[in-house]
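Residues 115 to 292 (this note's numbering) make up the sequence shown, in order.
All C-beta atoms in this analysis are idealised placements derived from N, C-alpha and C, irrespective of residue type, glycine included.
Worksheet for the structure shown next.
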Amino acid sequence: MRDNLYLQLIAVFAPLSLLSIGGGQSIVAEINQQAVTIHGWVTQTQFVDLFAISRAAPGPGALLTTLIGWRAGGWLGAVVASLALFVPSSLLAYVATLVWRRHERHPWHRIAERGLAPIATGLILSSSYTVLRASSATWAVWGLALGALAVFMTRPKANPLAVLFCAGLLNIVAGRFA
115 MRDNLYLQLI AVFAPLSLLS IGGGQSIVAE INQQAVTIHG WVTQTQFVDL
165 FAISRAAPGP GALLTTLIGW RAGGWLGAVV ASLALFVPSS LLAYVATLVW
215 RRHERHPWHR IAERGLAPIA TGLILSSSYT VLRASSATWA VWGLALGALA
265 VFMTRPKANP LAVLFCAGLL NIVAGRFA
């Protein structure tokens, strides 16, 4: 039974590893779908809790995968899920970097860079929407999320920690008047 679980973890997270353009945040929506709806490794509430822990903990944002693997299959599940997520994309990144550097001066190089940016942005926005929708977010939290989006759209180089801090303060203020 456990062997089947570990193969399922690999079957889910290895392909997602190759889709994680823009980082682990870009595949959160599909991780939610797979872990909650399809495989039932965690409940929706547990998923939101694990997501919050993965954001608060130091380390890579893809820690969510490790936590889901741990909930589904203990320590070995955590290791299997982590390796399934990190190894394929790491190998792909290594090979792609070799090819990318080799062809830096070709015209398609810049076109490819411009084409990948909106894809990564769309995946990250989809993940953010999924987490907001799954949480017990109030209208104030949705408003803060849209406000943060507006800040990053108008000031793309804004410090995310400063925006997060301001959003937290505004949420505290909104909570006092609610």
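Among residues of its own chain, excluding the 5 on either side of Leu133, which ones have a beta-carbon nearer than 7 angstroms to its beta-carbon?
Here residue 133 corresponds to residue number 19 of the sequence shown, with the count starting at 1. The residues are Ile141.
Who are the Cβ neighbours of Leu199 in its own chain at under 7 angstroms, not counting the five residues just before and after it?
If you number the sequence shown from 1, residue 199 lands on position 85. If we look at Leu199 and ignore the five residues flanking it on each side, its Cβ neighbours are Phe127, Leu130, Ser131, Ala176 and Thr179.
Residue from Leu181, Gly173 and Ala207 whose Cα sits closest to the Cα of Gln160:
Along the sequence shown, read from residue 1 onward, the residue named residue 160 stands at position 46. Out of Leu181, Gly173 and Ala207, Leu181 has the C-alpha closest to the C-alpha of Gln160.
Coarse secondary structure for Arg219, derived from DSSP in three states
The residue labelled residue 219 in the question sits at position 105 within the sequence shown. In the structure shown, Arg219 sits in coil (DSSP, three-state: anything other than H, G, I, E or B).
What do you get for Ala218, buried or exposed, if any count of 16 or more other CB atoms within 10 angstroms of its CB means buried?
Residue numbering aside, residue 218 sits at position 104 when the sequence shown is read from its first letter. First, the amino acid is wrong: residue 218 is Glu here, not Ala. Label assigned to Glu218: exposed.
Taking the alpha helix (DSSP H) that Ser168 belongs to, which residues open and close that run?
Counted from its first residue, the sequence shown places residue 168 at position 54. Where Ser168 is concerned, the enclosing alpha helix (DSSP H) stretches over Gln158 to Ala170.
Cα-Cα separation between Pro202 and Leu212, rounded to whole angstroms:
Counting from one through the sequence shown, the residue named residue 202 turns up at place 88. Counting from one through the sequence shown, the residue named residue 212 turns up at place 98. Going by the C-alpha atoms only, they are around 16 angstroms apart.
With a threshold of 6 angstroms on Cβ separation, who are the neighbours of Ala281 within its own chain once the five nearest residues in sequence on each side are excluded?
Position 167 of the sequence shown, counted from the start, is the residue given in the question as residue 281. Around Ala281: Leu258 and Ala262.
Taking 7 angstroms as the limit between beta carbons, can you name the residues of its chain near Ser240, skipping five residues before and five after?
Counting from 1 along the sequence shown, the entry for residue 240 is found at position 126. Cβ within range, chain order: Ala143.
Nearest residue (CA-CA) to Gly289, options Thr252, Trp155 and Ala186
Within the sequence shown, residue 289 is the residue found at index 175, counting from 1. Ranking Thr252, Trp155 and Ala186 by Cα distance to Gly289 puts Thr252 first.
At which residues does the alpha helix (DSSP H) containing Thr151 begin and terminate?
On the sequence shown, residue 151 is found 37 positions in, with the first residue counted as 1. Unbroken run through Thr151: none, as it is neither H nor E.
If contacts are defined as beta-carbon pairs under 8 angstroms, then Asn285 and Val255 qualify, I think. What distance do you get, rounded to the angstrom?
Stepping through the sequence shown from its first residue, residue 285 is reached at position 171. Stepping through the sequence shown from its first residue, residue 255 is reached at position 141. Contact flag correct, Cβ pair sits at about 7 angstroms.
Does the beta-carbon of Trp155 have 16 or more other beta-carbons within 10 angstroms, so that it is buried, or is it exposed?
For the purposes of this step, residue 155 is taken as residue 41 along the sequence shown, with counting starting at 1. So Trp155 ends up on the buried side.
Throw me the rounded Cβ distance for the Leu123 and Gly173 pair, which I believe falls under 8 angstroms.
Here the question's residue 123 lines up with position 9 in the sequence shown. Here the question's residue 173 lines up with position 59 in the sequence shown. Their Cβ separation, rounded to whole angstroms, is 19 angstroms, which puts Leu123 and Gly173 out of contact at 8 angstroms.
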